[in-house]
Amino acid sequence: MIASNWPDWLDDVWAKSPEKGAGGRPESLAQHTWYVLERLTELIRLRPELPQALGVPRLWHVLFWAAFLHDFGKAADGFQARLRGGERWPHRHEVLSLAFLDWITDGLTPDEQPWVAAAIVSHHKDAAEIRQLYALPDDLDDDQLIARVAELDETILRGLWRWLAECSIAWIDDLGLGKAGISVPALPDENLAVAMVQQRGVARIRHWLKVYRRFVRRIEHSDERALIVGTLVLRGYLVNANHSASAHAGPLPRATFDAEAILDSRGLSRDKLFAHQS
438 MIASNWPDWL DDVWAKSPEK GAGGRPESLA QHTWYVLERL TELIRLRPEL
488 PQALGVPRLW HVLFWAAFLH DFGKAADGFQ ARLRGGERWP HRHEVLSLAF
538 LDWITDGLTP DEQPWVAAAI VSHHKDAAEI RQLYALPDDL DDDQLIARVA
588 ELDETILRGL WRWLAECSIA WIDDLGLGKA GISVPALPDE NLAVAMVQQR
638 GVARIRHWLK VYRRFVRRIE HSDERALIVG TLVLRGYLVN ANHSASAHAG
688 PLPRATFDAE AILDSRGLSR DKLFAHQS
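In structure tokens:
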């Protein structure tokens with residue numbers, strides 16, 4: 438299945454090199470994101486009532502947008518060059534993805550924002566490693582994130598914004614998630630969105646990393662079931678969807694039960710069943 442509204446203007450922005458793409462071909466960022474959302478949709482369909490059971494009613498909304506943005510940092514010039522045989526890019530794309538979170542915060546409550554930040558930044562590495570890799574420098578002018586944000590080309594930034602603006606509603610519909618409680622946030626104006634990343638991207642990444650650290654500490658000291666189990670599901674579902682999409686695994690198997698066939702296989706008939714078995 439492919440989405441009805443496709444951001445073909447981003448086809449040259451890769452998420453996977455030919456060695457790791459399906460069929461030995463490079464995999465675009467949009468294609469990989471679609472695969473991840475397909476896997477996430479299958480998980481949602483397995484347990485549609487899970488958010489209510491956990492006490493996190495907008496869990497699917499949070500997960501959808503975390504999945505949509507989780508790899509935006511791969512648009513960096515250095516990462517793209519690495520996928521094309523260039524030098525190693527020793528940075529964390531998921532941290533750079535946080536530069537885009539402010540584009541969608543209009544559609545998230547203040548309580549939901551740390552959940553999305555946590556899902557994005559933790560989809561590969563644990564909190565302790567991210568904290569070590571991205572400790573605040575003594576001199577802010579030496580912040581490694583300055584060079585990373587500068588790797589985000591303006592044309593690509595505009596293409597990413599257009600993807601969200603023009604395709605997200607269709608993708609929700611195409612995936613059959615219209616009744617899953619996922620809504621589309623009001624995006625900032627295109628020029629403002631680009632400026633937010635170019636001019637404030639470093640500061641905003643630092644902000645979201647701080648929010649993430651505080652959120653992790655809150656989880657570690659909490660006995661609140663909805664928070665503990667909910668965040669386990671949050672990370673587990675996104676990691677599962679991402680890994681299975683990257684492995685190009687097929688759809689999840691579906692168990693189907695035909696009562697008559699089961700009875701026939703056991704030599705039974707309905708009139709021989711006890712009341713509690715029918």
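First residue of the sequence shown: 438, per our numbering; consecutive thereafter.
The beta carbon of each residue, even a glycine, is placed where N, CA and C say it ideally should be.
Predicted model only: the values in this text are computed from it and were never measured.
Closer than 7 angstroms: Ala555 CB and nearest the ligand GTP heavy atom: Although the ligand GTP was asked about, the structure shown includes no ligands whatsoever.
C-alpha gap between Phe537 and Ala698, whole angstroms: Here the C-alpha atom of Phe537 lies approximately 52 angstroms from the C-alpha atom of Ala698.
Given 8 angstroms, three or more beta-carbon pairs between the stretch 459-471 and the stretch 572-590: No: fewer than three Cβ pairs fall under 8 angstroms.
Residue range of the unbroken beta strand (DSSP E) whose run includes Trp451: Trp451 -> beta strand (DSSP E) spans Trp451 to Lys453.
Exposure of His528, with buried meaning 16 or more beta-carbon neighbours within 10 Å: It is buried - the Cβ of His528 has at least 16 other Cβ atoms within 10 Å.
Buried or exposed by the 16-neighbour rule on C-beta atoms within 10 Å, applied to Gly458: Counting Cβ neighbours within 10 Å, Gly458 comes out buried, since at least 16 surround it.
Endpoints, the alpha helix (DSSP H) within which Leu506 is located: Leu506 -> alpha helix (DSSP H) spans Leu496 to Leu506.
Boundaries of the alpha helix (DSSP H) in which His685 is found, first to last residue: Unbroken run through His685: none, as it is neither H nor E.
Rounded distance between the beta-carbons of Gly613 and Arg495, thought under 8 angstroms: Actually they do not touch by this definition, with Cβ atoms about 18 angstroms apart.
Three-state secondary structure (DSSP) of Glu464: For Glu464, the secondary structure class from DSSP, reduced to helix, strand or coil, is strand.
CB contact flag (Val532, Tyr571, <8 angstroms): Judged by beta-carbon spacing, Tyr571 lies within the 8 angstroms limit of Val532, meaning their Cβ atoms are closer than that value.
Proximity of Val499 and Tyr649 at Cβ, strictly below 8 angstroms: Taking a C-beta distance under 8 angstroms as the contact criterion, Val499 and Tyr649 do not qualify as a contact pair.
Three-way DSSP call (helix, strand, coil) for Leu597 in this model: Looking at Leu597 - three-state DSSP - the assignment turns out to be helix.
Beta carbon of Ala556 nearer than 8 angstroms to that of Leu675: Contact: yes.
Nearest to Met438 (by Cα), restricted to the options Pro574, Leu506, Trp608 and Thr542: By alpha-carbon distance to Met438, the top candidate from Pro574, Leu506, Trp608 and Thr542 is Trp608.
For Trp526, the three-state DSSP class (helix, strand or coil): If DSSP states are grouped into helix, strand and coil, Trp526 belongs with coil.
Element boundaries [alpha helix (DSSP H), containing Gly613]: From DSSP, Gly613 is part of no alpha helix (DSSP H); its letter is neither H nor E.
With 16 other Cβ atoms within 10 Å as the buried cut-off, status of Phe711: Around the CB of Phe711, fewer than 16 other CB atoms lie within 10 Å, so the residue is classed as exposed.
Beta-carbon gap between Glu566 and Trp598 smaller than 8 angstroms: At the C-beta level, Glu566 and Trp598 stay beyond 8 angstroms of one another.
CA-to-CA distance, Arg484 to Val450, given in whole angstroms: If I take the Cα positions, the gap works out to 33 angstroms.
Pick from Gly510, Gly461, Ser441 and Ala630 that is closest to His685, judged by C-alpha positions: Gly461 is the residue among Gly510, Gly461, Ser441 and Ala630 whose C-alpha sits nearest the C-alpha of His685.
Other residues of its chain near Arg595: CB distance less than 7 angstroms, five sequence neighbours each side excluded: Excluding residues within five positions, the ones whose Cβ falls inside 7 angstroms are Glu627 and Val631.
Coarse secondary structure for Glu588, derived from DSSP in three states: In the displayed model, Glu588 falls within coil according to three-state DSSP, outside both helix and strand.
Beta-carbon gap between Ala663 and Leu487 smaller than 8 angstroms: Contact flag unset, no.
CB contact check: Ile642 to chain D, cutoff 8 angstroms: Absent from the structure: chain D. Only one protein chain is present.
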